[in-house]
Amino acid sequence: MMAVMTAIVCFIVVVFCNDWKSYLFDEEFAKINGLKTTFLEYLLLVLTSLTVVVLIRVAGIILILALLTAPAAAAALLSNKLLNRMLYAIGFGMIFCLAGLWISYTYNIPSGATIIILSVVVYALIASVKYLVNKIRFQKASL
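The numbering of the sequence shown is this note's numbering, which starts it at 7 and goes up by one.
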């Protein structure tokens, strides 16, 4: 069920990506361009609800907030383009869930905590590498 819901959400996000870019940037501009902003708003709410329902079964209700934000935060470190961030966040979310479930099954530990710890560790690694790369670039530029 999780794979089917993930596939549905990913498909809808890809199909409506440009419309959402316009709507989320400026709702009035999107209306002027003829987009049905009410439909986009309700679709976004439905997709968020579906995501939460799937996540409740995997991670538990308390850990949902972290699982919704950690992939997006990690993706934000890697790209400034909205589409790339969305795709990275989807990929990170899938990888975090699948790897976390596999690790929890292998070592017989709770799945929700495993997924969240994995996502936080990956975020910290990406942030550390980005910090080091920027520091090296700054040092080279100052020479």
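Glycine included, C-beta positions come from ideal geometry on N, C-alpha and C.
Within 8 Å, strictly: CB atoms of residue i and residue j
{"i": "Ala130", "j": "Leu83", "result": "no"}
{"i": "Ala76", "j": "Ser110", "result": "no"}
{"i": "Ile96", "j": "Cys16", "result": "yes"}
{"i": "Ala80", "j": "Val128", "result": "yes"}
{"i": "Thr43", "j": "Ala36", "result": "yes"}
{"i": "Met8", "j": "Val58", "result": "no"}
{"i": "Ile18", "j": "Leu69", "result": "no"}
Residue from the options whose Cα sits closest to the Cα of residue i
{"i": "Leu50", "options": "Trp26, Phe31, Gly66", "result": "Trp26"}
{"i": "Ser28", "options": "Tyr111, Asn39, Val19", "result": "Asn39"}
{"i": "Asp32", "options": "Val19, Val20, Leu46", "result": "Leu46"}
{"i": "Ser55", "options": "Leu104, Thr12, Glu34, Tyr113", "result": "Thr12"}
{"i": "Ile67", "options": "Arg91, Ala119, Leu41", "result": "Ala119"}
{"i": "Val21", "options": "Leu89, Phe144, Glu34", "result": "Leu89"}
{"i": "Leu74", "options": "Lys87, Met92, Asn86, Ser85", "result": "Met92"}
Whole-Å CB distance - residue i paired with residue j, under 8 Å assumed
{"i": "Ala72", "j": "Ile115", "result": "Not quite, the Cβ-Cβ distance comes to about 17 Å (not below 8 Å), so this is no contact."}
{"i": "Gly106", "j": "Ser117", "result": "6 Å"}
Buried versus exposed call for residue i [16 or more other C-beta atoms within 10 Å across all chains shown]
{"i": "Tyr94", "result": "buried"}
{"i": "Phe102", "result": "buried"}
{"i": "Leu30", "result": "exposed"}
{"i": "Thr112", "result": "exposed"}
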